[in-house]
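Enquirer:
In my numbering, the protein residues as written are 297 to 364.
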């Protein structure tokens, strides 16, 4: 997978969705756009999953500090 930020992947995904909704692409182009969209959605999901993990770690650390 490419090293895109969440914001970059999300922006490109929005553009792909817009292009597909307009319906002005050929079937071949639509398939390529759809495949790229799948890749981008995985990138976004991975970024969100990593952020969730980091937030969980922070929450646990703060919880331990409060208990002390």
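Ideal Cβ positions, reconstructed from N, Cα and C, are used throughout, including at glycine.
1) How would you call residue 305, buried or exposed, if buried means at least 16 neighbouring beta carbons within 10 angstroms?
2) So, at 7 Å on beta carbons, what are the nonlocal neighbours of residue 321 in its own chain, with the 5 sequence-adjacent residues on each side left out?
3) What separation, rounded to the nearest whole angstrom, lies between the Cα atoms of residue 360 and residue 352?
4) Just to confirm my understanding: we take residue 337, look at its own chain, exclude 5 residues before and 5 after, and list those with CB closer than 7 Å. What are they?
5) Run through DSSP, which three-state label would residue 300 get?
Expert: According to the data block:
1) Buried: at least 16 other Cβ atoms inside 10 Å.
2) Taking C-beta separations shorter than 7 Å and ignoring five residues to either side along the sequence, the partners of residue 321 in its chain run 315 and 329, following chain order.
3) The C-alpha of residue 352 is placed about 12 Å away from the C-alpha of residue 360.
4) Counting only Cβ-Cβ distances below 7 Å, and skipping sequence neighbours, we find 309.
5) Looking at residue 300 - three-state DSSP - the assignment turns out to be coil, as it is neither helix nor strand.
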